[in-house]
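Numbering (this note's numbering), first residue to last: 53 to 349.
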């Protein structure tokens with residue numbers, strides 16, 4: 053994130069870098085004289101050439117300071133089985149940390165809703181509980197991550213990658229998270245969450261008939277069930293998830309942060325908050341050290 057020019061107002065100039073005072077400066081490098089009190093009776097003066105004493109800050113040094121002040125945005129991935137609570141936690145994370153929430157599933161469903169060729173192909177795979185081929189999703193995710201709002205605020209990638217090949221595709225594009233959050237939930241609870249989940253087509257809000265029912269009858273009457281939110285399909289999706297998750301975990305092991313998703317959403321976020329806050333604190337330390345090094349040079 054580029055530092056504004058106002059950053060330089062906080063940098064102290066050395067004795068040889070003090071700016072000229074407009075009221076005293078004159079054209080053609082004229083000399084300005086200051087009276088010396090000890091010699092005033094002899095009308096002697098000490099003269100200083102402003103042009104010879106003041107020099108502007110070195111351009112190269114200024115560039116180093118700006119580069120050191122730039123902050124790398126936070127990059128977060130969150131993973132878990134279907135109905136593990138990723139959507140709920142993403143909303144809370146986005147609101148607290150200001151990250152751009154990117155869901156590969158939402159991107160795919162948008163393609164399906166528009167009836168595009170990619171959407172039709174994706175739907176065929178999703179209905180069978182299979183992963184959508186990389187060539188359909190990877191470029192879609194890449195293009196979203198390159199948008200200005202993401203580059204400025206950082207990103208929260210929800211539910212992607214789901215396989216080693218997808219993760220490697222992101223690695224090859226230089227896309228890697230600072231922290232990989234894995235929500236762990238029991239299968240019994242996952243199935244219960246999926247079967248009772250409903251979507252409000254007007255607002256896009258997700259409800260659950262048991263855990264998060266709609267506010268009124270009007271909303272309840274228009275709720276729909278996603279075509280892949282049935283018990284049969286979720287079991288297929290769980291099987292696929294477990295077949296692929298281990299390989300993804302192995303790639304992100306160094307930045308892995310596991311969270312028990314069986315507890316309340318408040319308890320889940322409390323743990324996530326600790327993990328992200330620790331990453332941010334480490335980033336601040338690194339940024340401060342980089343800025344200090346840039347100023348020193």
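We treat Cβ as the ideally placed atom computed from N, Cα and C, and that holds for glycine.
Where residue i falls, given that 16 or more other Cβ within 10 Å makes a residue buried
| i | result |
| --- | --- |
| residue 239 | exposed |
| residue 200 | exposed |
| residue 184 | buried |
| residue 163 | buried |
| residue 279 | exposed |
| residue 256 | exposed |
| residue 253 | exposed |
| residue 73 | Low per-residue confidence applies at residue 73: pLDDT is 35, beneath 50, and the placement is therefore not dependable enough to give any value. |
| residue 198 | exposed |
| residue 246 | buried |
| residue 95 | In this prediction, residue 95 has a pLDDT of 43, which is less than 50 and means its spatial position is unreliable; nothing more can be read from the coordinates. |
| residue 155 | buried |
| residue 274 | exposed |
| residue 191 | exposed |
| residue 315 | exposed |
Among the options, the one whose alpha carbon lies nearest that of residue i
| i | options | result |
| --- | --- | --- |
| residue 237 | 201, 311, 210 | 311 |
| residue 220 | 304, 177, 206 | 304 |
| residue 242 | 313, 258, 173 | 313 |
| residue 203 | 146, 327, 126 | 126 |
| residue 207 | 293, 278, 297, 328 | 328 |
| residue 149 | 141, 156, 254 | 141 |
| residue 151 | 170, 229, 218 | 229 |
| residue 331 | 316, 307, 315, 322 | 307 |
| residue 180 | 132, 138, 324, 289 | 289 |
| residue 133 | 324, 321, 322, 296 | 296 |
| residue 375 | 301, 315, 156, 338 | Only positions 53 to 349 of the chain appear in the structure, and residue 375 is not among them; the question remains open. |
| residue 222 | 235, 205, 193, 248 | 193 |
| residue 205 | 173, 153, 293 | 153 |
| residue 291 | 326, 319, 173, 182 | 182 |
Cβ-Cβ separation, residue j to residue i (assumed contact under 8 Å), whole Å
| i | j | result |
| --- | --- | --- |
| residue 128 | residue 231 | 6 Å |
| residue 136 | residue 215 | Not confirmed; about 17 Å, so no contact. |
| residue 309 | residue 144 | Rounded, the Cβ-Cβ distance is 15 Å, inconsistent with contact. |
| residue 261 | residue 248 | 4 Å |
Pairwise C-alpha distance: residue j and residue i
| i | j | result |
| --- | --- | --- |
| residue 224 | residue 265 | 43 Å |
| residue 196 | residue 226 | 14 Å |
| residue 10 | residue 283 | Since the displayed the chain opens at 53 and closes at 349, residue 10 lies outside it and no answer follows. |
| residue 251 | residue 146 | 20 Å |
| residue 161 | residue 187 | 16 Å |
| residue 165 | residue 333 | 41 Å |
| residue 211 | residue 158 | 10 Å |
| residue 169 | residue 209 | 24 Å |
| residue 335 | residue 124 | 8 Å |
| residue 139 | residue 131 | 10 Å |
| residue 317 | residue 263 | 11 Å |
| residue 244 | residue 281 | 10 Å |
| residue 324 | residue 177 | 32 Å |
| residue 285 | residue 267 | 28 Å |
| residue 319 | residue 338 | 29 Å |
| residue 213 | residue 269 | 38 Å |
| residue 173 | residue 326 | 40 Å |
| residue 217 | residue 175 | 20 Å |
| residue 189 | residue 294 | 20 Å |
| residue 276 | residue 167 | 19 Å |
| residue 171 | residue 287 | 23 Å |
CB contact check: residue i to chain D, cutoff 7 Å
| i | result |
| --- | --- |
| residue 260 | Judged by its chain identifiers, the structure shown contains no chain D, having just a single protein chain. |
Checklist entry - Which residue spans inside the stretch 187-261 form an unbroken alpha helix (DSSP H) run of at least 4? => result If we require 4 residues or more, the alpha helix (DSSP H) runs fully inside the stretch 187-261 come out as 200-205, 216-224, 239-247.
Next on the checklist: For a minimum of 3 consecutive residues, which ranges assigned as the beta strand (DSSP E) are wholly contained in the stretch 122-199?
Outcome noted: List check, beta strand (DSSP E) in window: 127-132, 152-155.
Checklist entry - Curious, which full-length beta strand (DSSP E) runs of at least 3 residues does the stretch 303-334 contain? => result Fully enclosed beta strand (DSSP E) runs of 3 or longer: 308-312.
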